[in-house]
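Engineer: First, the structure itself, so that you have it in front of you.
Chains as they are written, first to last, in our numbering: chain A, 13 to 289; chain B, 281 to 680.
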């Protein structure tokens, strides 16, 4: 988002946005536990998995999703991810294996969570002025809008699972893109668990979304803190028609989503439009 | 085309070794409320928030910006954290500037807090900025790292320890006029020279304190600024530069920028001057609020930024050229030598520079300030950010 805003100032014409994660070097939950403030959350042992489980419990209650539905969703997403040429193509798990995996924190089972991976992603951004001055270079996609939205740090039932930040951020994005009621051809969501994807699909229900995470999302690759930029890359490739075996037909408008914080406290969105040939 | 951007409100807490009476988030809240009150705005008037926070290991809560969201009025708004080590405050301000200059937002709050003394020894944390394969295994931290570059500069230009000590004396004296400064007081060159040796040529008094505190700034587009603020400080130049983390690569004949001279900052400063139409910084810029955590930073950086020829800054310093009533007032607030909440320091520099332009610096006020420069430096002295503030739009900004 900052890269796009910098170019939009007119002061910068070429930008490089890079994100990498070497998740294999750490115990992710140790890192996530350090995010807990020291007065209430840290003494109870809060970490990322427990926060995600609180989220999952609220998704169960609010969206009527059960564990069987989550397992079926993960199986489907794993199958999609197998086709992503940029994905890791991990061996998919069966619904039975997912249902049989142990709880990390109820109702979140180990296999409900996309395994973390190492990885890196980079973008080159260019201003319209630069592209006009360099006609030998062609844009893959036009950034139609960027925005972000953050919710409360609290993990109470009123916040967790409500996805208020997701709804408000997406609405702001579409308004800025001038597409309040238009179809979204592709929505690449940051959904680190099957529960998150179910929640996002629930909150996209009122919108005309043709394809949700056709890349396979976190099940294709999951370098934790790069996922927002990975999703942006996948969305840009979709509007460019260069997504390979996961290409959705005739994509004109794609949205990439990233999230951060306990139980998706913050949401960031980028909208891409197809560039006329 | 950029939209003109101005600072319309500034808020700071006091800075000290410990803040036992307030939590991290309460410190951030106090600075935010003071900045909003200064700008005559409420939290609801703010369109987006940028958070300035360097390594969170210092205060023991990782990514503590997220904890602060509810306390600084950020809930329900676009929110972004920026981290470029010691340069964080400068970079965060630049990010906030981009939010407004792009035309996407009109009023943005940039805020940060730090509590460095929550960790037993910040230098162990700072050792982690080096790569794990080569330089991290040396006894490197920010003190030993900059001591090496200082030795190189001293050998090249014949600067003495006493000349650095005079910088400390001036900073502590200036800080006496700053109600928020951490260290302040009348000290002598002998006091500096007799303070405990840390890493040659540094003694304890050559080195900044580890500070706790918070700062916030409200930025706005020109129309809002002129409506709510009698004398806004316009952002007329933003420049930043990055270099390799490897120090050895900056000490060889093929290096682009020499490690001893902090020559990278020349690129960032010159970009500011280009944007603002500044052709003679020593004559046109009255105040420089520098990121100078060590007494040795001022000389090479003032030279790199074009205030004086290479190798002349120490002599000019001795002659009083950098005193508040000198050729250019360097650090009238006492600067980073007296106050260093690392993740916020660059923001404090911008805040103090803005107050000078706005004519609201109180006892620190330097007369006739139309342009003030703020700097920030981070990483292994590899990230530099410069910000120029002016009483009116200038150069490119004047045409926007």
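Positions of the beta carbon are idealized from the N, C-alpha and C atoms, including for glycine.
Given that residue 46 of chain A touches chain B, what residues does it touch there, using C-beta distances under 9 Å?
Structural biologist: As a first step, residue 46 of chain A is located in the first chain; it is residue number 34 there, counting from the start. Going along chain B in sequence order, the residues near residue 46 of chain A (Cβ under 9 Å) are 336, 337, 340, 341, 342 and 343.
Engineer: Under 8 Å: do the stretch 626 to 641 of chain B and the stretch 283 to 300 of chain B share three or more Cβ pairs, one atom per stretch?
Structural biologist: Contact holds: three or more Cβ-Cβ distances are below 8 Å.
Engineer: Can you tell me whether DSSP reads residue 298 of chain A as helix, strand or coil?
Structural biologist: Look at the range of chain A in this structure, 13 to 289, and you will see that residue 298 of chain A is not part of it.
Engineer: When burial is assigned at 16 or more other CB atoms within 10 Å of the CB, is residue 498 of chain B buried or exposed?
Structural biologist: Translated into the one-based positions of the second chain, residue 498 of chain B becomes position 218. Answer is buried; the Cβ neighbour count reaches 16.
Engineer: Residues of chain B with CB closer than 7 Å to the CB of residue 278 of chain A, please, in chain order.
Structural biologist: In the first chain, the residue the question calls residue 278 of chain A occupies position 266. Neighbours of residue 278 of chain A on chain B, chain order: 359.
Engineer: The stretch 378 to 389 of chain B: which residues have C-beta closer than 8 Å to a C-beta of chain A, in chain order?
Structural biologist: Those would be 378, 379, 381, 382, 383 and 384, in chain order.
Engineer: Measure the Cβ-Cβ separation of residue 393 of chain B and residue 621 of chain B and say whether it is below 9 Å.
Structural biologist: The residue labelled residue 393 of chain B in the question sits at position 113 within the second chain. The residue labelled residue 621 of chain B in the question sits at position 341 within the second chain. Cβ distance < 9 Å, so residue 393 of chain B and residue 621 of chain B count as in contact.
Engineer: Within 10 Å of its beta-carbon, does residue 590 of chain B have 16 or more other beta-carbons around it, so buried, or fewer, so exposed?
Structural biologist: What you label residue 590 of chain B is simply residue 310 of the second chain in a count that begins at 1. So residue 590 of chain B ends up on the exposed side.
Engineer: What in chain A is Cβ-close to residue 298 of chain B, meaning under 9 Å?
Structural biologist: Within the second chain, numbered from 1, the residue matching residue 298 of chain B stands at position 18. None at all; the shortest Cβ gap to chain A is about 15 Å.
Engineer: Using 9 Å as the limit for Cβ to Cβ distance, is residue 160 of chain A near chain B?
Structural biologist: As a position in the first chain, residue 160 of chain A is number 148, starting the count at 1. It does: the Cβ of residue 160 of chain A has a partner Cβ on chain B nearer than 9 Å.
Engineer: Report yes or no: is there a C-beta of chain D within less than 9 Å of the C-beta of residue 49 of chain A?
Structural biologist: Here the protein chains are A and B, and chain D is not one of them.
Engineer: Cα separation between residue 89 of chain A and residue 652 of chain B?
Structural biologist: Taking the first chain and counting its residues from 1, one reaches residue 89 of chain A at position 77. Taking the second chain and counting its residues from 1, one reaches residue 652 of chain B at position 372. About 55 Å.
Engineer: So which residues on chain A does residue 282 of chain B lean against when the C-beta distance must stay under 7 Å?
Structural biologist: Numbered from its first residue, the second chain carries residue 282 of chain B at position 2. Per Cβ cutoff of 7 Å: 21, 22 and 23.
Engineer: Near residue 416 of chain B, which residues of its chain fall below 6 Å by C-beta distance, leaving aside the five closest residues on each side in sequence?
Structural biologist: Counting from one through the second chain, the residue named residue 416 of chain B turns up at place 136. If we look at residue 416 of chain B and ignore the five residues flanking it on each side, its Cβ neighbours are 410.
Engineer: Please list the partners that residue 43 of chain A has in chain B, where partner means a Cβ-to-Cβ separation under 8 Å.
Structural biologist: Mapped onto the first chain, residue 43 of chain A falls at position 31. Going along chain B in sequence order, the residues near residue 43 of chain A (Cβ under 8 Å) are 342.
Engineer: Should residue 144 of chain A be flagged as near chain B, meaning a C-beta pair shorter than 9 Å?
Structural biologist: Here the question's residue 144 of chain A lines up with position 132 in the first chain. Not one chain B Cβ lies under 9 Å of residue 144 of chain A.
Engineer: Expressed to the nearest angstrom, what Euclidean distance is found between the alpha-carbon atoms of residue 295 of chain B and residue 460 of chain B?
Structural biologist: If you number the second chain from 1, residue 295 of chain B lands on position 15. If you number the second chain from 1, residue 460 of chain B lands on position 180. Computed Cα separation, rounded: 6 Å.
Engineer: Does any heavy atom of the ligand FAD sit closer than 8 Å to the C-beta of residue 516 of chain B?
Structural biologist: Ligands displayed in this structure: none; no statement on the ligand FAD is therefore possible.
Engineer: Counting along the chain, where does the beta strand (DSSP E) carrying residue 285 of chain B start and finish?
Structural biologist: Looking up residue 285 of chain B in the second chain gives position 5. 285 to 292 is the span of the beta strand (DSSP E), which, as asked, contains residue 285 of chain B.
Engineer: Residue 383 of chain B and residue 20 of chain A look like a contact to me (Cβ under 8 Å); what is the Cβ gap, rounded to whole Å?
Structural biologist: Start at 1 with the first residue of the second chain, and residue 383 of chain B comes out as number 103. Start at 1 with the first residue of the first chain, and residue 20 of chain A comes out as number 8. Right, their Cβ atoms sit about 7 Å apart.
Engineer: Chain B partners of residue 271 of chain A, CB-CB under 8 Å?
Structural biologist: Position 259 of the first chain holds residue 271 of chain A. Per Cβ cutoff of 8 Å: no residues; residue 271 of chain A is ~12 Å from chain B at best.
Engineer: Rounding to the nearest angstrom, what Cα-Cα distance links residue 87 of chain A and residue 183 of chain A in this structure?
Structural biologist: Your numbering for residue 87 of chain A matches position 75 in the first chain. Your numbering for residue 183 of chain A matches position 171 in the first chain. The alpha-carbon atoms of residue 87 of chain A and residue 183 of chain A are separated by roughly 30 Å.
Engineer: Between residue 48 of chain A and residue 262 of chain A, what straight-line distance do the alpha-carbon atoms span, to the nearest angstrom?
Structural biologist: Start at 1 with the first residue of the first chain, and residue 48 of chain A comes out as number 36. Start at 1 with the first residue of the first chain, and residue 262 of chain A comes out as number 250. Approximately 44 Å between the Cα atoms of the pair.
Engineer: Count the other CB atoms, across all protein chains shown, that sit within 10 Å of the CB of residue 320 of chain B; report buried if there are 16 or more and exposed otherwise.
Structural biologist: On the second chain, residue 320 of chain B is found 40 positions in, with the first residue counted as 1. Classification for residue 320 of chain B: exposed.
Engineer: Can you check DSSP and say which residues form a bridge with residue 296 of chain B?
Structural biologist: The residue labelled residue 296 of chain B in the question sits at position 16 within the second chain. Residue 296 of chain B pairs with B:492.
Engineer: In this structure, does DSSP put residue 602 of chain B in helix, strand or coil?
Structural biologist: Translated into the one-based positions of the second chain, residue 602 of chain B becomes position 322. The answer is coil: DSSP assigns residue 602 of chain B none of H, G, I, E or B.
Engineer: Return the residue from the list B:509, B:350, B:341 and B:334 that minimises the CA-CA distance to residue 310 of chain B.
Structural biologist: One-based indexing of the second chain puts residue 310 of chain B at position 30. Measuring from the Cα of residue 310 of chain B, the nearest candidate turns out to be B:350.
Engineer: To the nearest angstrom, how far is it from the Cα of residue 118 of chain A to the Cα of residue 379 of chain B?
Structural biologist: Taking the first chain and counting its residues from 1, the one referred to as residue 118 of chain A is at position 106. Taking the second chain and counting its residues from 1, the one referred to as residue 379 of chain B is at position 99. When rounded, the distance between both Cα atoms is 41 Å.
Engineer: Enumerated in chain order, which unbroken segments of the beta strand (DSSP E) with a length of 3 residues or greater are wholly contained in the stretch 501 to 551 of chain B?
Structural biologist: DSSP runs (the beta strand (DSSP E)) wholly in the stretch 501 to 551 of chain B: 513 to 522.
Engineer: Residues in the stretch 174 to 187 of chain A with C-beta within 9 Å of chain B's C-beta atoms, listed in sequence order?
Structural biologist: Result list: 176, 177, 180, 181 and 184.
Engineer: Quick one, are the C-beta atoms of residue 455 of chain B and residue 572 of chain B less than 9 Å apart?
Structural biologist: Position 175 of the second chain, counted from the first residue, corresponds to residue 455 of chain B. Position 292 of the second chain, counted from the first residue, corresponds to residue 572 of chain B. Not in contact: residue 455 of chain B and residue 572 of chain B (Cβ atoms no closer than 9 Å).
Engineer: Which of helix, strand or coil does DSSP assign to residue 121 of chain A?
Structural biologist: Residue 121 of chain A sits at position 109 when you count from the first residue of the first chain. It is a strand residue.
Engineer: If residue 623 of chain B and residue 360 of chain B are in contact, beta carbons under 8 Å, what's the gap, nearest whole angstrom?
Structural biologist: What you label residue 623 of chain B is simply residue 343 of the second chain in a count that begins at 1. What you label residue 360 of chain B is simply residue 80 of the second chain in a count that begins at 1. Not quite, the Cβ-Cβ distance comes to about 14 Å (not below 8 Å), so this is no contact.
Engineer: Quickly, what does DSSP pair residue 666 of chain B with across the bridge? List them, please.
Structural biologist: Within the second chain, the letter at position 386 stands for residue 666 of chain B. For residue 666 of chain B, which the question treats as bridged, DSSP gives the partners B:519 and B:655.
Engineer: Pairs of beta-carbons, one from the stretch 115 to 133 of chain A and one from the stretch 54 to 73 of chain A, closer than 8 Å: are there three or more?
Structural biologist: Flag = yes, the stretch 115 to 133 of chain A and the stretch 54 to 73 of chain A touch.
Engineer: Leaving out the 5 sequence neighbours to the left and right, which residues in its chain are closer than 8 Å to residue 176 of chain A when beta-carbon positions are compared?
Structural biologist: One-based indexing of the first chain puts residue 176 of chain A at position 164. Excluding residues within five positions, the ones whose Cβ falls inside 8 Å are 163.
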